[in-house]
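K.L.:
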DNA sequence: GTCTATACGAAGATAGAC
DNA sequence: GTCTATCTTCGTATAGAC
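Residue numbers (the numbering used here), protein chains in the order written: chain A, 1 to 175; chain B, 176 to 350.
#1: Using the C-alpha atoms, what's the distance from residue 136 of chain A back to residue 102 of chain A?
#2: Can you list, in chain order, the residues of its chain with a C-beta nearer than 6 Å to that of residue 152 of chain A? Leave out the 5 residues immediately preceding and following it.
#3: Is residue 111 of chain A near the ligand ZN - that is, is its Cβ less than 7 Å away from at least one heavy atom of it?
#4: Answer yes or no: does any C-beta atom of chain B fall closer than 8 Å to that of residue 102 of chain A?
#5: Please identify the residue among A/51, A/121, A/94 and A/44 whose C-alpha is closest to the C-alpha of residue 11 of chain A.
#6: Out of A/155, A/143 and A/105, which one is the CA nearest neighbour of residue 170 of chain A?
#7: Confirm, please, whether the CB-CB distance from residue 292 of chain B to residue 231 of chain B is below 8 Å.
#8: Give the residues of chain B in contact with residue 23 of chain A, contact being defined as C-beta atoms less than 8 Å apart.
#9: In chain A, which residues lie less than 8 Å from residue 289 of chain B when you measure between Cβ atoms?
#10: On the CB-based measure, 16 or more other CB atoms within 10 Å of its CB, does residue 228 of chain B come out buried or exposed?
#11: Does the distance from the C-beta atom of residue 25 of chain A to that of residue 8 of chain A stay below 8 Å?
#12: By the DSSP assignment, the alpha helix (DSSP H) with residue 131 of chain A in it spans what residues?
#13: Thinking C-alpha only, which one of A/146, A/6, A/159 and A/138 is nearest residue 87 of chain A?
#14: Can you tell which of A/157, A/156 and A/150 has its C-alpha closest to the C-alpha of residue 166 of chain A?
#15: Select from B/248, B/178 and B/190 the residue whose C-alpha is nearest the C-alpha of residue 100 of chain A.
#16: Just mark residue 260 of chain B as buried or exposed, buried being the case when its beta carbon has 16 or more other beta carbons within 10 Å.
#17: Would you check if there are 3 or more beta carbon pairs closer than 8 Å linking the segment 105-117 of chain A to the segment 35-51 of chain A?
#18: If you reduce the DSSP assignment to three classes, tell me which class residue 176 of chain B lands in.
#19: Could you name the residues of chain A that residue 246 of chain B contacts, counting a contact when the two beta carbons are closer than 8 Å?
#20: For residue 285 of chain B, would you say it is in contact with chain A, using Cβ-to-Cβ distances shorter than 8 Å as the test?
#21: Would you tell me roughly how many angstroms separate the C-alpha atoms of residue 208 of chain B and residue 217 of chain B, rounded to the nearest one?
#22: Nearest chain A C-beta to residue 345 of chain B closer than 8 Å, yes or no?
#23: Kindly say whether residue 46 of chain A, judged by its beta-carbon, lies nearer than 8 Å to any beta-carbon of chain B.
#24: Measuring CB to CB, does residue 90 of chain A end up less than 8 Å from residue 128 of chain A?
#25: For residue 66 of chain A, does the three-state DSSP call read helix, strand or coil?
#26: Using only CA atoms, which one of A/75, A/154, A/105 and A/131 lies nearest to residue 289 of chain B?
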């Protein structure tokens, strides 16, 4: 169910992620929503954010010890695969929550996730010998540019924006 | 009223941009909504997108003839001012529509706007003598990275992400 | 735990008076 | 053109049976 919420967030945004849609997409039993999520939709969204966050972190962590260019390439792969699998119809669930922002705590949660991602990326870069200020700047840029690129590619139904950004980020990571 | 819709989109997203909110924020008369917008909320959102698009284009066009670094700096100023004025609570209205995506036509409209922005930016770069492939790649990267940076700064309630991205983009435009 | 039924409110949209 | 009132739909949330 949380899995379904992440998928729906990426495709339809927060308002498209209603219980009815989640149930229809996952086949989960209607009667047990408030048994598992006493906090209702807000709690479901928090759980979805945590799941999306975990996946990003795990993918990045798997590249520890490798060169910055490899780390960046793997990060880009993650999003390229999302675009390909969904045929350009899915974006980032965390960004969806950020932009919808019905609730300050949800916005904070999304902000914390972005920060955690940047912390990990910067750490991975620094582990490869990159100086810390530059590692942090590159980490933040990679995340921001990729998030924007995924959104643009989705809106334009073309991978052109993503590919241009990926090329630029790859170059940045190598120099 | 369209003006108010743009503001609300940037702050609260599509679901937060209800007629009630728009009216409360603008003082517009309730009875005339469907007189001016027979198409209802969808039409209002399209109008808001057009207004947001125009503003971006006008700001960029004003830098025609100047060096790429100046064009990029002015583009970044636009968004930095938005973050500052709103005390990090506003984002991009076009991105808000992109992510909410209740309607395919709205998504297409948002995509067209991003493409138009990129076309203009690339043209401005090329006018300064930059080779066309690089001009296009830089244009797309500037837009994607800036959109992502604004979203991240809003979520984290910190201008750090934006400032890092701005520094990187400024460097890219100079080389 | 999961079901059905239902209460409650919010938001989009319409009708008709002025 | 703008007003008030109202209708409908939908989504969240709750209650109580099984």
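Note that CB positions come from ideal geometry on N, CA and C, so glycine has one too.
P.N.:
According to the structure shown:
#1: Taken atom to atom, the span from the alpha-carbon of residue 102 of chain A to that of residue 136 of chain A is near 30 Å.
#2: Contacts found: 161.
#3: With respect to the ligand ZN, the structure shown offers nothing to examine, as it has no ligands at all.
#4: Chain B contact via Cβ: present.
#5: Residue 11 of chain A has its Cα closest to that of A/94, out of A/51, A/121, A/94 and A/44.
#6: Each of A/155, A/143 and A/105 was checked against the Cα of residue 170 of chain A, and the nearest Cα belongs to A/143.
#7: Yes, these two residues count as a Cβ contact at 8 Å.
#8: Neighbours of residue 23 of chain A on chain B: none; closest Cβ ~19 Å, over 8 Å.
#9: Within chain A, the residues near residue 289 of chain B are 152, 155, 156 and 161.
#10: Counting Cβ neighbours within 10 Å, residue 228 of chain B comes out buried, since at least 16 surround it.
#11: The Cβ atoms of residue 25 of chain A and residue 8 of chain A sit closer than 8 Å to each other.
#12: Where residue 131 of chain A is concerned, there is no enclosing alpha helix (DSSP H), given that its DSSP letter is neither H nor E.
#13: Here the closest residue by C-alpha is A/159.
#14: Minimum Cα distance to residue 166 of chain A is reached at A/150.
#15: Sorting B/248, B/178 and B/190 by C-alpha distance to the C-alpha of residue 100 of chain A places B/190 at the top.
#16: Residue 260 of chain B comes out exposed.
#17: They touch, by the three-pair rule.
#18: Collapsing the DSSP output to three states places residue 176 of chain B in coil.
#19: None at all; the shortest Cβ gap to chain A is about 17 Å.
#20: Yes - at least one Cβ of chain A is within 8 Å of the one on residue 285 of chain B.
#21: Rounded to the nearest whole angstrom, the C-alpha separation of residue 208 of chain B and residue 217 of chain B is 12 Å.
#22: No, residue 345 of chain B lies away from the interface with chain A (no Cβ there is under 8 Å from its Cβ).
#23: At a cut-off of 8 Å between beta-carbon atoms, residue 46 of chain A makes no contact with chain B.
#24: Cβ distance not < 8 Å, so residue 90 of chain A and residue 128 of chain A don't count as in contact.
#25: The answer is coil: DSSP assigns residue 66 of chain A none of H, G, I, E or B.
#26: When each option's Cα is compared against that of residue 289 of chain B, the closest is A/154.
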